[in-house]
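So for the sequence shown, the working numbering puts the first residue at 9; every next one is plus one. C-beta: ideal position from N, C-alpha, C; glycine also. Predicted model only: the values in this text are computed from it and were never measured. These notes concern the structure reproduced below.
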Amino acid sequence: MNVPTLNHAAQIAPPAEEPALEVDGLVKSYGKVVAVRGISFLVPKGQVVGLLGPNGAGKSTTIKVCLGLTRPTRGVVRVFGSTPVTAEARRRMGYSPETPYFYPFLTAEEILAFYAGLQGIESVRASVDRVLRATGLEAARSRKVGHFSKGMVQRLAVAQSLLGDPEILFLDEPSSGLDPEGRLEMRQIIQELKQSGKTILLSSHILSDIEAVCDRVIVIKAGRIVADRLLNNEMPELEVEVEVRALPEEALATLRRMGWNVHYDEPRLSVMNLQPGQEPELLSVLAEHRAQVYQLQRKQATLEDIYMEIMRKGGEEQ
Ligand SMILES: Nc1ncnc2c1ncn2[C@@H]1O[C@H](COP(=O)(O)OP(=O)(O)OP(=O)(O)O)[C@@H](O)[C@H]1O
Ligand SMILES: [Mg+2]
């Protein structure tokens with residue numbers, strides 16, 4: 009009789025959804041230089057992951073191995089379950105390199121049509137139109153790339169990465185060297201790609217960009233992951249600072265009875281553990297005690313605070 013065993017039951021359980029990207033025990037050496045020293049992470053479909061870390065940390069190397077552009081020394085990379093070097097996996101990936109270079113005497117659309125041809129895309133014209141639109145380069149389509157600004161070249165690199173309508177995008181510092189307006193445009197382009205459901209690995213040194221567009225940040229230092237955190241999740245407790253005068257002792261006692269961890273050094277009242285949305289409650293307690301409130305300021309840690317702390321400590325995970 010065929011009695012199902014525990015193992016058997018596990019086999020028939022519905023499999024978890026296949027991740028878009030799986031990096032397992034990745035090590036990459038260039039001769040004596042060990043660029044990546046054992047990195048593992050999974051990226052679910054549709055997630056936007058920021059890769060952060062100092063110069064030389066191993067971000068671009070990790071991206072290149074994921075793309076199959078260079079082979080791992082040890083470890084495995086799977087893109088949608090298969091090795092990245094197959095034509096099928098390549099078709100599903102898009103890449104915007106760290107320092108894009110395009111032949112300067114060609115126009116944007118000539119370059120894109122050339123790459124579309126290389127990729128074997130059938131509807132070249134439609135694909136070129138689509139990616140020019142997605143990156144806001146329609147008006148510049150007939151201009152020679154040698155006359156492009158740095159921001160336009162970066163956008164062209166992203167446009168080129170989108171030609172085959174890939175499911176996963178590797179964007180290696182797409183905003184480096186851009187002015188504030190160019191950075192904002194690039195951020196909007198990435199946000200739209202995210203909304204269209206793309207999985208994205210975005211390497212950047214611009215913490216505010218990562219904070220604005222990424223669901224998760226992976227911090228790499230000296231070839232190792234030193235932090236892997238979700239962003240935009242439930243906000244943790246807030247620390248707020250209130251400028252308030254004439255705060256009576258009873259008010260402090262009331263605030264403490266309500267569970268808040270408070271400290272008052274006139275005129276600065278610090279509340280260490282406020283839940284998001286409790287600010288009105290706090291202010292009404294102060295008003296009931298006729299305290300004079302001048303301003304309230306949130307002191308939530310930014311990604312910059314977190315990053316600096318991780319760099320100082322040298323890592324928290326893995
Ligand atoms: N082709 C190569 N040959 C030799 N060493 C390399 C090569 N590519 C990268 N490296 C070395 O590997 C390490 C990691 O480099 P990588 O380019 O991956 O870092 P990164 O995190 O992308 O840095 P950055 O923020 O400056 O772009 C560095 O020490 C670098 O000098
Ligand atoms: Mg790099």
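Counted within 10 angstroms of its Cβ, other Cβ atoms place residue i as buried (16 or more) or exposed
{"i": "R141", "result": "exposed"}
{"i": "E117", "result": "buried"}
{"i": "R306", "result": "exposed"}
{"i": "F113", "result": "exposed"}
{"i": "E193", "result": "buried"}
{"i": "M316", "result": "exposed"}
{"i": "A124", "result": "buried"}
Segment limits, alpha helix (DSSP H) that includes residue i
{"i": "F307", "result": "In the sequence as displayed, the identity of residue 307 is Lys instead of Phe. Per DSSP, K307 belongs to no alpha helix (DSSP H) and is neither H nor E."}
Presumed contact (8 angstroms Cβ cut-off) between residue i and residue j, rounded CB distance
{"i": "E175", "j": "T207", "result": "6 angstroms"}
{"i": "C222", "j": "L201", "result": "The Cβ separation is near 12 angstroms, so there is no contact."}
{"i": "T115", "j": "S150", "result": "5 angstroms"}
{"i": "P27", "j": "V51", "result": "6 angstroms"}
Rounded separation between residue i and residue j - CA only
{"i": "L358", "j": "L215", "result": "There is simply no residue 358 to check, as the chain begins at 9 and stops at 326 in what is shown."}
{"i": "I218", "j": "I71", "result": "17 angstroms"}
{"i": "A60", "j": "S212", "result": "It is worth fixing the name first, because residue 60 is Leu in this sequence and not Ala. Cα-Cα distance, rounded: 6 angstroms."}
{"i": "T78", "j": "R320", "result": "31 angstroms"}
{"i": "G128", "j": "G66", "result": "32 angstroms"}
{"i": "S183", "j": "L263", "result": "46 angstroms"}
{"i": "S68", "j": "Y302", "result": "48 angstroms"}
{"i": "R191", "j": "A220", "result": "12 angstroms"}
{"i": "G76", "j": "V93", "result": "5 angstroms"}
{"i": "V136", "j": "N281", "result": "52 angstroms"}
{"i": "L164", "j": "D180", "result": "13 angstroms"}
{"i": "P284", "j": "L255", "result": "23 angstroms"}
{"i": "S292", "j": "T310", "result": "28 angstroms"}
Opening and closing residue of the beta strand (DSSP E) in which residue i lies
{"i": "K229", "result": "R224 to K229"}
{"i": "Y103", "result": "M101 to S104"}
{"i": "R45", "result": "V41 to V51"}
{"i": "Y123", "result": "Careful: Y123 lies outside any beta strand (DSSP E), inside the alpha helix (DSSP H) at A116 to L126."}
{"i": "S157", "result": "Run containing S157: none; DSSP gives neither H nor E here."}
{"i": "L179", "result": "I176 to D180"}
For residue i, the residue or residues it bridges with in DSSP
{"i": "Q203", "result": "Q203 pairs with nothing; no bridge assigned."}
{"i": "G58", "result": "L210 and V225"}
{"i": "A235", "result": "V227"}
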